[in-house]
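**Q** One structure, pasted below without further comment.
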Ligand SMILES: NC(=O)c1ccc[n+]([C@@H]2O[C@H](COP(=O)([O-])OP(=O)(O)OC[C@H]3O[C@@H](n4cnc5c(N)ncnc54)[C@H](OP(=O)(O)O)[C@@H]3O)[C@@H](O)[C@H]2O)c1
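Residue numbers (my numbering): 10 to 274.
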């Protein structure tokens, strides 16, 4: 990292080492922000060079956010800069595919620790920090899965339903403190997400039609900057599905979802 003092605003992006988070971090870099970019793997140190190419002083933090200390380490990296955080993107997350009767409980509790607990934990630090200065923007990645039951991804969808309503609730509270909160609800997106979730043997596996991660990230970035409460990330069909999900009964949506998520035998 170049250590000369910077006048650029500072943004935190979790899950910046891959996928949607990487694209979001690139957008912040291109739009004049410095970065604290986090990832679980050491890939975060490699991709930091991509952000720096756009002039962003980048602090790469490798941390497991499913671990309490991992979240604290990320926040310590922010605090250590002594700089105000203008934007925070709480994006790191994962899924687990498979039948609930077969999936591993510890793995699922780890998913909740990452997708739910770490978001609340980091948001507590970020919200207090921003409210004190009466400025800042928070983008929380949820999913279109927040709007439907998700059989065969039975823990994932509810974890994203939590982040969606958490973002909307926090937004309402923080409005009077001058801080904006936006939720990003991507539809299926072309990252390694489903493969990492062990879902190659489903209709969401290789060859499935998915949204561009660049488009999804741009939509999230634009919605954050426009002060929107949430945005569905993806093409017209994805946005239409999100709209229809508002009125379809849950059992109907569960049966539709199964066609995408149930492992092929
Ligand atoms: N792709 C989709 O279809 C889709 C749809 C709706 C919502 N989303 C949401 O979008 C967000 C990003 O997903 P993506 O598609 O970009 O997935 P991805 O390509 O797999 O990237 C996930 C990111 O999260 C990080 N991460 C995973 N586990 C972590 C842990 N325990 N501690 C810290 N960081 C961790 C990864 O770090 P490493 O790579 O370094 O391990 C990576 O940077 C997630 O919250 C997901 O729920 C995705």
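Using N, Cα and C, we set each Cβ at its ideal position, and we do this for glycine too.
Note that the structure is a prediction, hence the values are computed from the model and not measured.
Could you please give me the residues that DSSP links to residue 195 through a beta bridge?
**A** In the DSSP output, where bridge partners are listed per residue, residue 195 has 242.
**Q** Might you give, ordered along the chain, the residues of its own chain that have their beta carbon closer than 8 Å to the beta carbon of residue 199, omitting 5 neighbours on each side?
**A** If we look at residue 199 and ignore the five residues flanking it on each side, its Cβ neighbours are 219, 220, 221, 222.
**Q** At a cut-off of 6 Å, would you count residue 204 as near ligand 1, judging by its Cβ distance to the nearest heavy atom?
**A** Answer for residue 204: no, Cβ out of range of ligand 1.
**Q** Note down the Cα distance separating residue 273 from residue 211, rounded to an integer number of angstroms.
**A** Distance between the alpha carbons of residue 273 and residue 211: 6 Å.
**Q** Is residue 158 close to ligand 1? I mean its beta-carbon at under 6 Å from any heavy atom of the ligand.
**A** Result no, Cβ not under 6 Å from ligand 1.
**Q** For residue 117, report the span of its alpha helix (DSSP H) as first-last.
**A** Element bounds for residue 117: 114-121.
**Q** Can you check the stretch 66-94 for any beta strand (DSSP E) of at least 3 residues that lies completely inside it and give the ranges in chain order?
**A** Fully enclosed beta strand (DSSP E) runs of 3 or longer: 67-71.
**Q** Please classify residue 77: is it buried, with 16 or more other beta-carbons within 10 angstroms of its beta-carbon, or exposed?
**A** Under this definition residue 77 is an exposed residue.
**Q** Should residue 201 be counted as a contact of ligand 1 given a C-beta to heavy atom distance under 6 Å?
**A** Yes, since a heavy atom of ligand 1 falls inside the 6 Å radius drawn around the Cβ of residue 201.
**Q** Contact check, residue 98 vs residue 144 under 8 Å by CB: the rounded distance?
**A** Not a contact, Cβ separation roughly 16 Å.
**Q** Quick test of your reading: residue 157 and residue 266, contact by CB under 8 Å. State the CB separation rounded to the nearest angstrom.
**A** Right, their Cβ atoms sit about 6 Å apart.
**Q** Apart from the five residues just before and just after residue 43, which ones in its own chain have a Cβ nearer than 6 Å to its Cβ?
**A** The answer, listed in chain order, is 15, 17, 19, 65, 66.
**Q** Quick one: what does DSSP say residue 146 is sitting in, helix, strand or coil?
**A** Here residue 146 sits in strand by DSSP.
**Q** Please indicate yes or no: does the CB of residue 26 lie closer than 6 Å to some heavy atom of ligand 1?
**A** Yes - ligand 1 has a heavy atom lying nearer than 6 Å to the Cβ of residue 26.
**Q** Compute the beta-carbon to beta-carbon distance between residue 193 and residue 216, rounded to the nearest angstrom, for a pair I have assumed lies under 8 Å.
**A** Contact flag wrong, Cβ pair sits at about 25 Å.
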